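**Q**
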Amino acid sequence: MAALVCLLLAIGASVFTIAAWQPAIAPVSPPPAGSFDPDLVRRGAELAAIGNCAACHTAKGGGEFAGGRAVPTPFGTIYSTNITPDVATGIGNWSEAAFARAMRSGVRRDGAYLYPAFPYDHFTLVSDDDDEALYVFLMTRMPVHAAARHDRLPFPLDIRLLMFGWNLLFLHAGPYRPDAAHDAMWNRGAYLVEGFGHCGACHTPRNAAGAEVAAQTFGGGAVQGWTAYALDDDSPAPVPWNAEALAHYLGQGFDTDHGAAAGPMAEVTNDLRSASAQDLRAIAAYVAEQMNHVAAESDRIMQVAERQRRRGNAGRPASADGQAVALRPIDVKNDQGAVIYAGACSGCHEGPRALPFGGVNLALSTAISAPSANNLVNVVISGLPAVDAAHAPIMPGFADAMNDEQIVALARYLRARYSDRGPWTGIAKTISDARNLQRKPIMSSQDDEAHRQQQ
Amino acid sequence: MKLTVNNSDHEIDADPRTPLLYVLRDDLKLNAAKFGCGLGQCGACTVLVDGEPVFACVTPIVLVAGKTVTTLEGLGTAQEPAPIQRAFIEHQAAQCGYCIPGIMMRAHALLQKNPGAGASEIRAALEPHLCRCGTHMRILRAIHRAQEAMTATSAKVGK
Amino acid sequence: MSRDPIVVSRRAALCGLGALIFSYSSSDRLLAQDAAPLQAGLPRSPTPPLPGSLQRAPLLDSWLRVDADGTITAFTGKAELGQGIKTALTQVAAEQLDVAFDRIRLQTADTALTPNEGYTAGSHSLQDSGTALMNAAAQVRQLLVAEAALRAEVPAEQMKTDDGFVIGPDGRRFGYGELVSGQMLHVQAAPQSPLADPSRYAVMDRNIPRVDIPAKLTGGAAFVHDLRPPGMLHARVIRPPSYGARLISVDDQGAQRMPGVIKVVRDGGFLAVVAEREFQAIEAMRVLAAATRWQETAKLPDERELSAYLSSQSSEDIVVLDRPRSAPAGIRSLSAVYSRPYLAHGSIGPSCAVAHFEGDALTVWTHTQGVYPDRDAIAEMLQMPNQKVRCIHSEGAGCYGHNGADDAAADAALIARAVPGRPVRVQWTREQEHAWEPYGPAMLVKIAAALDDTGGIADWEYGVWSNTHSTRPGSAGSLLAARCLAQSFPEPPPKPIPMPEGGGDRNSIPIYRLPGARAVYHFLPTMPVRVSALRSLGAHMNVFAIECFMDELAAAAQADPVEFRLKHLDDMRAREVVATAASRFGWQARPHASEPRRGQGFAFARYKNLAAFCAVACEVDVDFDTGRVQMRRAVAAVDAGQVVNPDGIANQIEGAILQSMSWTLFERVSFDERRITSIDWASYPILRFSAVPETMEVQIVNRPGMPFLGAGEAAQGPAAAALANAIADATGKRFRDLPITKERVKAALAN
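Respectively, the protein sequence lines represent chains R, D and F. Mapping of the first sequence onto our numbering: residues 1 to 455, in sequence order. Mapping of the second sequence onto our numbering: residues 456 to 614, in sequence order. Mapping of the third sequence onto our numbering: residues 615 to 1365, in sequence order.
(1) Is the region 964-971 of chain F close to the region 1026-1033 of chain F, with three or more CB pairs under 8 Å?
(2) Per DSSP, what kind of secondary structure is HIS970(F) in: helix, strand or coil?
(3) Which residue from LEU7(R), ALA243(R), ARG108(R), GLY76(R) puts its Cα closest to that of ASN93(R)?
(4) For ALA707(F) and ALA766(F), I'd like the C-alpha separation in whole angstroms.
(5) DSSP has ILE781(F) in a bridge; who is on the other side?
(6) Just how far apart, CA to CA, sit TYR1135(F) and ALA803(F)?
(7) Within the same chain, show all residues whose beta-carbon is closer than 7 Å to that of PRO143(R), passing over the 5 residues directly before and after it, in chain order.
(8) Report the neighbours of GLN406(R) on chain D: residues whose CB is nearer than 9 Å to its CB, in chain order.
(9) Taking Cβ-Cβ distances shorter than 8 Å, what residues in chain R pair up with LEU1301(F)?
(10) Using three-state DSSP, classify TYR176(R) as helix, strand or coil.
(11) So, is the C-beta of ALA480(D) closer than 8 Å to a C-beta in chain R?
(12) Can you tell me the Cα-Cα spacing of GLY210(R) and GLY557(D), whole angstroms?
(13) In this structure, does DSSP put CYS512(D) in helix, strand or coil?
(14) Determine the DSSP secondary structure at TYR1076(F), reduced to helix, strand or coil.
(15) Determine the closest residue to ALA693(F) out of ALA886(F), THR982(F), MET1113(F), with distance taken between C-alpha atoms.
(16) HIS1154(F) lies in the alpha helix (DSSP H); which residues open and close that run?
(17) Quick one: measure Cβ to Cβ for LEU861(F) and ALA750(F), integer angstroms, because I've assumed they're closer than 8 Å.
(18) Helix or strand or just coil, what does DSSP make of TYR1053(F)?
(19) Determine the burial state of GLY426(R): buried for a count of at least 16 other Cβ atoms within 10 Å of its Cβ, exposed for fewer.
(20) Per DSSP, ASP724(F) is paired with what?
(21) Along chain R, which residues have their Cβ under 7 Å away from the Cβ of PHE510(D)?
(22) Should HIS172(R) go down as buried or exposed, given a rule of 16 or more other Cβ atoms within 10 Å for buried?
(23) Please list the residues of the region 1284-1311 of chain F that have a C-beta atom closer than 8 Å to any C-beta atom in chain R, keeping them in chain order.
(24) Any C-beta of chain D sitting closer than 8 Å to the C-beta of GLN1313(F)?
(25) May I ask you to list, following chain order, the residues of the region 545-556 of chain D that have a beta carbon less than 9 Å from some beta carbon of chain F?
(26) Determine the extent of the alpha helix (DSSP H) in which ASP1185(F) is found, giving its start and end residues.
(27) So with CB distances below 7 Å, who are the chain D contacts of ILE827(F)?
(28) Since ALA1023(F) and THR980(F) should fall inside the 8 Å C-beta cutoff, what is the C-beta to C-beta distance between them, to a whole number of angstroms?
(29) Quick check on PRO264(R): does DSSP put it in helix, strand or coil?
(30) Between the region 901-908 of chain F and the region 468-485 of chain D, do at least 3 Cβ pairs fall closer than 8 Å?
(31) For the alpha helix (DSSP H) containing THR525(D), name the first residue and the last one.
(32) Compare the C-beta of SER961(F) against all C-beta atoms of chain D and say whether one is closer than 8 Å.
(33) Quick one: complete alpha helix (DSSP H) runs, 4+ long, within the region 52-102 of chain R?
(34) Is the CB of ALA245(R) under 8 Å away from at least one CB in chain F?
(35) Give me, in chain order, the residues of the same chain whose beta-carbon lies closer than 7 Å to that of HIS145(R); leave out the 5 immediate sequence neighbours on both sides.
(36) Going residue by residue through the region 339-390 of chain R, where are the continuous alpha helix (DSSP H) segments of at least 4 residues, counting only ones entirely within it?
Here is the structure:
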């Protein structure tokens, strides 16, 4: 009996291996950068912006697209690859066919499987023409010599061949096929969101195998310690999103009724600055529809926004031409959270500076209405640090000014004052988890040193 | 409210929402931490709370009761300057000098925690700080000098 | 000054001195050359002009005082701005008086105590005040020597001095303190002085550590912000949301009731609140601001179309250069248009002032660059006699020109008048400093030139458009507060600053040898946005344009940029500075296109064609994907005449290069059709540490014995142009519109 089982396993494994095997595609000499059609390069740049390729494929302090960024997963840490046209360490000797196969099927030029940390389960939807444009764009980037970092996955997950099985279960090969029941703009939005945008990769919950749960698309997810909010009708935003607001938010990184993007979403919106206005509108329309808000609701949206805004201005005396909103009285002296808010936050968050630079009126903040205090805690701890001379909001982080107990008090106060949902639980654990994540950066300087020696 | 600043306890009668910066300057008459923006954008107000740099302009005193606050005055004096002060004076690392105390506090905290910090780490640590006069080159030189002095001292002490 | 000026008879002064003042025979003392040129506009006296600011304040005891105990005080009408002038001037006085540096205390600008030297601006401090002090100190020393010689009954030539003593041939010592008496120094200065020999300097041309730094780095009281006179109150001003807004209504009940609030001050459109504690004043300010209604009327131009706006405004055209062509016409023509936006001073410490009304007299502690003009304007605003208002300079953060300091002083004065008897401290907020300071004007430059068949410049046509570069007090109407009082003062009409200093036309005349050249300054009187002097005034833009264009001409002539400049440069000192910078940088040996995306650039100018010479070479890397420019290294050479404090000059040049880099790569004031929108460091980002180069070197070309040349502003233009030229070298694209942001670079490279 045991022999039979072994034999069946061996046959199964062989069948699996034979079925899974992918051929290598012959390397090519890198085409000269000047040989490409500049319009195609421009198109590729726009698509790369929507795909947010630079964010994953660029490590802090590393060359653009040269890889090396740690992508933590529940299974271990995977490092992004070098997709500059460097021949030795990048994709310089990849043919267009090899590139298209990677996008469509998640297979490397040499035939090895890629891990779906590279969201080929979305990029499979990308059309051949757009694959070509992206290829051409990447081939015209500056080649950077940067060897791949070894992924840290435990056995047997480090056997790439297993991804064949994963793909069988979870990869629905593209390209995207338009849905005749919807118009061209909708299809464009769907194509971009489900394809390049790979929004679901963050905003959809995943199963034990790390695949998106199809039945809960856009039901919300987590990435690198941040909550990616639900983009369906569970969206916790106090002011409902509509397409216009979303398009503005995606392209500019903020919206006056919702605040500014933070954490990984800020990287996304930074890149989306380069996307075309048309594409942004299509993306926004598609996503807004997922949240079940359509244009007819815009009056209601305005009313809600106005009500929330006044809530945020509660500390100010009523103006001569407005209406005061009756509020919960704030017992400042006995509410430590209120005292902290007044001294640390209100100067910016109730000040006259307009978004994106001034602090958002917290009554409009999704983070405070979200199911978990996660994102709020992240922002309180790290702020939005000043980077270079970027034209971007700056918020101080309070990691060292506040201890956990003080952040709990502040979070409780903000939740009570600015949200109609019940109090959060487990805030203390949320805070200590967030601090731990901050304290152990994914790439420690020891990692750096070891990696440098590899090269 | 009791505040511990530069190893002394002070009884402060001020609204607990008052940012630490104003208590330091107006009640305790400490000059080093400066008002630059009140928004946490420039770093001129930087002091240490339990050894970590914070922006005093957005830190209400309610947050620091029970913690230790250190300002530049707590590191050393003109007669007996701390290594970081000595290095900055030696390198004449100031033009108008308004931003320098905040930078010195952050540099001091960094070198205490990470004495072997490399040049790029030091630069990255100073990103929250603005210097409009353009004294950056000297500031970096002075911090490097302080690092040498602090390493030499601890080596001596170690022996 | 309350004493009547007395011109002591020369007979009394000369008795015993020999022909001292007019003596040329001392072998170990050099004579002053007739020093810095007079400031334009000063009346000429019938006698030979006195050196530097002595022309305005000719009495020796305006500059130096020796007390009976030997304490020496030097006086200057200039102010310490963080540029190290306090130290440098003390060095000058100490050297010429022959005393140790530490024996002199320098009193800086104070309307009650020091000469009136106008503004600490235009890089004039050493040229004007340094020259005055140098000569005054030398002459005081001689008077002391003469007195000692009288007492020793020995000819003056046999006396010598050493650290505050005059010593006779027999070793008898007379302390300076015991020699001085009565009105001895209350004499007119002479046009010539027996100056110390530069080759034997012990204090000048030395890196004497700055006297102001230790306090600043150890928590000493060093700034106007640190003043805490007993009983001091805290005030905040509520400014309108836009220029010219009219105050319609204020409901100050809420603010009045807040804890600690002493008073709400309102005079027409001027609104402020005073409280016991600082945070109370801040909270009251917020509450009051929310309860105030304004009618806004400002109409600002389209910020994205500034160049079109500037060239469409009516102008007063000033021909600054008109040299008819004497050479044959050029065979190859080029033209280019350059522009810069409004630029903010962006002082790190927002403006602050303390004022105290006692009886009928007002004292104001302020970081204004000009205590006398600010005093006069404040006195006019308050309708008080000048003598009843005293302005004392106390340091602020770096101002880089006319920032909010003068206005904060006026605010403090108005508020102090409302709470007489108690000192009042006014602190501007960050947003107020960003929104209300007067900016460096936006400028437009159009150049056209022709090359002849030898690759030399044959013709040159230059036009620059700009508002005035100075709205300093002046009259009361220059002050923000005065313009909105119930009895307001009108804003004075803007005037151009005449050449040779110039405003928008500063450095618009190239220093190069040009056979035919014409330059016109299109002075634009209409100022929708508040403007005034920003470090180097028009020189930043004019040098940027000229030096970028020189590179474009060099490229057209297929010449090396440095060689091309030397080909057109006759001035020996200019040539040496260019050669020094190029050599120290390794210009000849620089790689040619071996490193992709790396470039080198060079630029040179003589500030105002009168002051310091400065050349800058730099190397940059450009990231073609993001458009980000990173300066890798910079080398500068500077000739500032006789050097007083070498390290001080290096500090200023290093700072200027970085500040100019920040202007060049990042900065623009932004506004919508009504309001200024760049109101904090997020909306007006400037250089941070990540952009700083690896190395920077400043090479000083010392000129012993030559007149001082101001160096504080000399690098702004050359640094900007060197950077743009390096970016052009790295990318093959010319960027002519400032700022050269990474978005602009990325967009240009994508095409």
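Every residue gets a Cβ at the ideal spot worked out from N, C-alpha and C, and that includes glycine. Note that this is a predicted model, so its numbers are computed, not measured.
**A** Here's the rundown:
(1) yes
(2) strand
(3) ARG108(R)
(4) 26 Å
(5) LYS774(F), ARG787(F)
(6) 39 Å
(7) THR84, PRO85, ASP86, GLY90, GLY92
(8) VAL517, LEU518
(9) Within chain R, the residues near LEU1301(F) are ALA389.
(10) coil
(11) Note on residue identity: the sequence assigns Arg, not Ala, to residue 480(D). It does not: the Cβ of ARG480(D) has no partner Cβ on chain R nearer than 8 Å.
(12) 46 Å
(13) Correct three-state label for CYS512(D): helix.
(14) Here DSSP, grouped into helix, strand and coil, assigns TYR1076(F) to strand.
(15) THR982(F)
(16) 1153-1170
(17) The pair is not a contact, with the Cβ atoms about 50 Å apart (cut-off 8 Å).
(18) strand
(19) exposed
(20) ILE1006(F)
(21) Neighbours of PHE510(D) on chain R, chain order: PRO396.
(22) The residue is exposed, with fewer than 16 neighbouring Cβ atoms inside 10 Å.
(23) THR1291, ILE1293, ASP1294, TRP1295, ALA1296, SER1297, PRO1299, ILE1300, LEU1301, ARG1302, SER1304, ALA1305
(24) no
(25) Look at the region 545-556 of chain D: the residues with a C-beta under 9 Å from a C-beta of chain F are GLU545, GLN547, ALA548, ALA549, GLN550, CYS551, GLY552, TYR553, CYS554, ILE555, PRO556.
(26) Run containing ASP1185(F): none; DSSP gives neither H nor E here.
(27) Correct list: ILE544, GLN547, ALA549, GLY552.
(28) 4 Å
(29) helix
(30) no
(31) No alpha helix (DSSP H) contains THR525(D), which is instead part of the beta strand (DSSP E) from 523-525.
(32) Cβ-Cβ to chain D under 8 Å: yes for SER961(F).
(33) 53-57
(34) no
(35) ASP86, ALA88, THR89
(36) Within the region 339-390 of chain R, the complete alpha helix (DSSP H) runs of at least 4 residues are 346-349, 366-369, 374-382.
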